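K.L.:
Right, I'll just put the structure down here and ask away after.
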Amino acid sequence: MRAIVFDRPGDVDVLRLEERPTPAPGRGEVRVRVHGSGLNRVDLLQRRGLYPPPKGSPTDVLGVEYAGVIDEVGGNTGLTVGESVMGIVGGGAYAEQIIVPADEVMRAPAGMSLQHAAAVPEAFMTAYDGLFTEGALERGELVLIHAVGSGVGTAALQLANRAGARVIGTSRSADKLSRAKLLGDVDGVVSDAQWPNAVKQLAPEGVDVVIDLVGGAMVRPSLALLRDRGRHVLIGLTAGSTAELDLGRLLSKRLILRGTVLRTRPVAEKILLARAVEQHVVPDLATGRLRPVVDSLVAPSAIREAHQRLERNDTFGKLVIDWTKT
Ligand SMILES: NC(=O)c1ccc[n+]([C@@H]2O[C@H](COP(=O)([O-])OP(=O)(O)OC[C@H]3O[C@@H](n4cnc5c(N)ncnc54)[C@H](OP(=O)(O)O)[C@@H]3O)[C@@H](O)[C@H]2O)c1
Numbered sequence: 009m010r011a012i013v014f015d016r017p018g019d020v021d022v023l024r025l026e027e028r029p030t031p032a033p034g035r036g037e038v039r040v041r042v043h044g045s046g047l048n049r050v051d052l053l054q055r056r057g058l059y060p061p062p063k064g065s066p067t068d069v070l071g072v073e074y075a076g077v078i079d080e081v082g083g084n085t086g087l088t089v090g091e092s093v094m095g096i097v098g099g100g101a102y103a104e105q106i107i108v109p110a111d112e113v114m115r116a117p118a119g120m121s122l123q124h125a126a127a128v129p130e131a132f133m134t135a136y137d138g139l140f141t142e143g144a145l146e147r148g149e150l151v152l153i154h155a156v157g158s159g160v161g162t163a164a165l166q167l168a169n170r171a172g173a174r175v176i177g178t179s180r181s182a183d184k185l186s187r188a189k190l191l192g193d194v195d196g197v198v199s200d201a202q203w204p205n206a207v208k209q210l211a212p213e214g215v216d217v218v219i220d221l222v223g224g225a226m227v228r229p230s231l232a233l234l235r236d237r238g239r240h241v242l243i244g245l246t247a248g249s250t251a252e253l254d255l256g257r258l259l260s261k262r263l264i265l266r267g268t269v270l271r272t273r274p275v276a277e278k279i280l281l282a283r284a285v286e287q288h289v290v291p292d293l294a295t296g297r298l299r300p301v302v303d304s305l306v307a308p309s310a311i312r313e314a315h316q317r318l319e320r321n322d323t324f325g326k327l328v329i330d331w332t333k334t
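Read left to right, the sequence shown gives residues 9 to 334 (the working numbering).
Encoded structure:
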């Protein structure tokens with residue numbers, strides 16, 4: 009099988025395509041013939057040596073999400089050869105075959121190509137968890153999504169719309185905001201120096217939930233825009249990992265500032281989230297009411313250019329490695 013491997017941290021030139029032996033599943037595991045592997049920002053950090061994979065995950069093969077077809081089953085798992093599945097893993101998804109614990113896989117949406125299904129797990133699991141479990145979003149509330157044109161942002165926009173919430177989305181790019189409007193009902197705000205005023209005009213009473221995919225200097229003004237008992241869910245740190253906070257505001261408005269991460273959380277929690285997404289999200293992905301936003305499908309041999317595009321932030325939605333290409 010082919011895998012995209014790297015053996016030292018560095019720039020994109022450390023990535024290379026290599027033949028590897030076919031792995032065999034142990035008890036309770038399945039082997040998946042991968043059709044699509046989603047790219048994520050965490051892959052860029054790991055490639056640079058800035059984000060080690062969780063214990064037990066491959067260190068020389070990147071990739072945290074996949075979709076494909078089960079081609080071997082280890083023991084009695086409740087899954088069968090030939091089933092289309094998708095999921096998140098601690099690493100190793102940039103490969104044509106992957107071994108995963110049976111409990112952690114989700115059935116792929118019926119009728120959706122497995123390359124598109126590979127764009128689902130990280131984006132929709134993160135967005136679903138952030139909006140509803142961490143953010144406790146309710147019908148009729150107002151949610152502010154920073155980087156609404158990202159993979160997670162486009163999923164969060166659709167899920168929030170479906171839940172009957174109003175959405176304001178930010179991006180540094182007016183073009184990404186226009187594209188987000190084609191996807192869902194969203195008021196777009198360009199995140200220039202004036203963005204807090206623009207949000208205030210759209211939401212004079214404040215917002216109920218912030219889905220924050222950028223962090224850094226966006227945090228303080230976002231807290232100021234929250235209503236009493238508002239929830240700020242911090243998911244990404246592309247704009248920086250430090251921020252100055254007004255603790256008085258946090259206290260007096262009884263705000264919640266919640267950080268969250270999927271990759272390093274306990275397996276039991278990942279399984280619960282997979283089951284929730286399978287039940288509450290996958291059916292609407294199968295009918296087309298919800299859809300993963302795929303910027304492009306890339307050949308395994310074009311992985312270096314794909315990482316560079318992600319680094320330049322010029323993607324709208326997800327990049328996916330298409331293993332039917334060479
Ligand atoms: N906690 C978790 O478990 C978890 C899981 C999945 C993803 N994430 C994180 O969530 C975020 C979104 O993930 P994704 O895969 O959807 O990302 P993505 O599609 O690559 O989009 C990330 C977006 O962040 C914005 N951005 C980048 N640099 C920025 C900067 N310096 N200042 C402000 N905005 C900046 C850009 O939006 P504009 O160009 O539109 O401004 C960019 O398109 C990432 O930070 C990712 O690491 C976290």
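From the three backbone atoms N, C-alpha and C, an ideal C-beta is built for every residue, glycine too. As the structure is a computational prediction, the values presented were derived from the model and not from experiment.
Would you check whether ligand 1 has a heavy atom nearer than 7 Å to the C-beta of Lys184?
P.N.:
Yes, Cβ of Lys184 sits closer than 7 Å to a heavy atom of ligand 1.
K.L.:
Out of Arg39, Gly177, His43, Val289, state which residue places its alpha-carbon closest to the alpha-carbon of Ile5.
P.N.:
In this structure the chain extends from 9 to 334, so residue 5 is not present and cannot be described.
K.L.:
Assign Met9 to one of three DSSP states: helix, strand, or coil.
P.N.:
Note: Met9 maps to coil in three-state DSSP.
K.L.:
Please classify Arg55: is it buried, with 16 or more other beta-carbons within 10 angstroms of its beta-carbon, or exposed?
P.N.:
Arg55 is buried by the Cβ-count criterion.
K.L.:
Please tell me whether Val217 and Gly143 are closer than 8 Å, where the distance is taken between their beta carbons.
P.N.:
Yes. Within cutoff.
K.L.:
Grouping DSSP H, G and I as helix and E and B as strand, with all else coil, what is Val218?
P.N.:
Val218: strand per DSSP, three-state reduction.
K.L.:
Near Glu80, which residues of its chain fall below 8 Å by C-beta distance, leaving aside the five closest residues on each side in sequence?
P.N.:
Correct list, in chain order: Ala32, Pro33, Val38, Arg39, Val89.
K.L.:
For Leu70 versus Gly99, is the C-beta distance shorter than 8 Å?
P.N.:
Contact flag set, yes.
K.L.:
Let's test the definition: count the other Cβ atoms within 10 Å of the Cβ of Asp15 and tell me whether it reaches 16, buried, or not, exposed.
P.N.:
The residue in question, Asp15, is exposed, as its Cβ has fewer than 16 Cβ neighbours within 10 Å.
K.L.:
Beta-carbon within less than 6 Å of Lys208's beta-carbon, same chain only, minus the 5 sequence neighbours each way: which residues are those?
P.N.:
Counting only Cβ-Cβ distances below 6 Å, and skipping sequence neighbours, we find nothing.
K.L.:
Determine the direct distance from the alpha carbon of Ser65 to that of Val77, and round the result to whole angstroms.
P.N.:
Rounded to whole angstroms, Val77 to Ser65 spans 21 Å at the Cα level.
K.L.:
Any heavy atom of ligand 1 closer than 7 Å to the CB of Thr141?
P.N.:
Not under cutoff, so the answer is no.
K.L.:
Indicate, with yes or no, if ligand 1 has a heavy atom lying under 7 Å from the CB of Val222.
P.N.:
Because some heavy atom of ligand 1 lies under 7 Å away, the Cβ of Val222 counts as near it: yes.
K.L.:
Under 8 Å by Cβ, that's how I've got Lys326 and Ala131 pegged, so tell me the actual separation to the nearest angstrom.
P.N.:
Contact holds; Cβ gap of about 6 Å.
K.L.:
Would you say Leu165 and Val194 are within 8 Å of each other, going by their C-beta atoms?
P.N.:
A contact, by the Cβ cut-off of 8 Å.
K.L.:
For the alpha helix (DSSP H) holding Gly256, just list the boundary residues, first then last.
P.N.:
Note, Gly256: alpha helix (DSSP H), 255-260.
K.L.:
By the DSSP assignment, the beta strand (DSSP E) with Ile243 in it spans what residues?
P.N.:
Here Ile243 belongs to no beta strand (DSSP E), and DSSP marks it neither H nor E.
K.L.:
Please classify Gln105: does DSSP put it in a helix, a strand, or coil?
P.N.:
The answer is strand: DSSP assigns Gln105 an E or B state.
K.L.:
Is Ala201 near ligand 1, in the sense that its beta carbon is under 7 Å from a heavy atom of that ligand?
P.N.:
No, the Cβ of Ala201 stays beyond 7 Å of every heavy atom of ligand 1.
K.L.:
Using the Cα positions of Leu293 and Glu286, report the straight-line distance between them to the nearest angstrom.
P.N.:
So the alpha carbons of these two residues sit roughly 10 Å apart.
K.L.:
Please state if the CB of Ile219 and the CB of Val151 are separated by a distance shorter than 8 Å.
P.N.:
For Val151 and Ile219, yes; Cβs fall inside 8 Å.
K.L.:
What's the gap between the Cα of Leu25 and the Cα of Arg312?
P.N.:
Each residue's alpha carbon lies about 10 Å from the other.
K.L.:
Between Gly196 and Gly172, which are expected to be in contact by the criterion C-beta below 8 Å, what is the C-beta distance as a whole number of angstroms?
P.N.:
With 8 Å as the limit, Gly196 and Gly172 do not qualify as a contact, their Cβ atoms being about 20 Å apart.
K.L.:
Regarding Arg271 and ligand 1, is the C-beta to nearest heavy atom distance less than 7 Å?
P.N.:
At least one heavy atom of ligand 1 is nearer than 7 Å to the Cβ of Arg271, so yes.
K.L.:
DSSP puts Gly76 in a beta bridge; with which residues?
P.N.:
According to DSSP, which records beta bridges pairwise, Gly76 is partnered with Val42, Val93.
K.L.:
Would you give the residue range spanned by the alpha helix (DSSP H) that Gly161 belongs to?
P.N.:
That run of the alpha helix (DSSP H) goes 159-170.
K.L.:
Three-state secondary structure (DSSP) at Thr134?
P.N.:
Reduced to three states, the DSSP call for Thr134 is helix.
K.L.:
For the alpha helix (DSSP H) that contains Arg312, what are its first and last residues?
P.N.:
Its alpha helix (DSSP H) spans residues 311-320.
K.L.:
Between the alpha carbons of Arg283 and Met114, how many angstroms are there, rounded?
P.N.:
If I take the Cα positions, the gap works out to 7 Å.
K.L.:
Please report how far the alpha carbon of Ser309 lies from the alpha carbon of Ser249, in whole angstroms.
P.N.:
Between Ser309 and Ser249, the C-alpha separation is close to 33 Å.
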